[in-house]
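Chemist: Position 40, counted from 1, in the sequence shown is what the numbering used here calls 1429; the numbers after and before it change by one each time, with no gaps. Mind having a look at this structure? Questions to follow.
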Amino acid sequence: MFKNKKLQKLNDFELSMNRKGQGLSINVIIIAAIALLVLVILSVLLIRGGANIVEGTSCRGVGGQCAVSCSQLSTGTTVYTPHSTAKCETEGEVCCIVLE
């Protein structure tokens, strides 16, 4: 093909470099695709788990009841007291839990 051996070697070198460059870009694409898949899976897990966090900090999540006043719920020997951090959905209500 080439009369000059140096030109033949140079041509072979260039062809091998082109193949290595293409292989590297395919590897980068594969790694990026795997990384993207991992990020999607982590996002789904965090979004699903986030719903439990919100429910856990709500009044129902801590086993309480929402009322305007905890004294409304207290009857006989069952005494309710306000929970310090749990939130009620209705404005003006407090979360009341049974005092044990």
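Every residue gets a Cβ at the ideal spot worked out from N, C-alpha and C, and that includes glycine. No experiment lies behind these values; they were computed from the predicted model shown.
Hey, could you find the ends of the beta strand (DSSP E) CYS1455 is sitting in?
Modeler: 1454-1456
Chemist: So which of ARG1449, SER1414, CYS1459 has the shortest CA-CA distance to ALA1475?
Modeler: ARG1449
Chemist: Taking the straight line between their C-alpha atoms, what separation do you get for GLU1489 and VAL1468?
Modeler: 8 Å
Chemist: So, helix, strand or coil for CYS1484, using DSSP?
Modeler: strand
Chemist: What does the alpha-carbon distance come out to for the pair LEU1493 and ILE1423?
Modeler: Nothing can be reported for residue 1493, as the shown portion of the chain is limited to 1390 through 1489.
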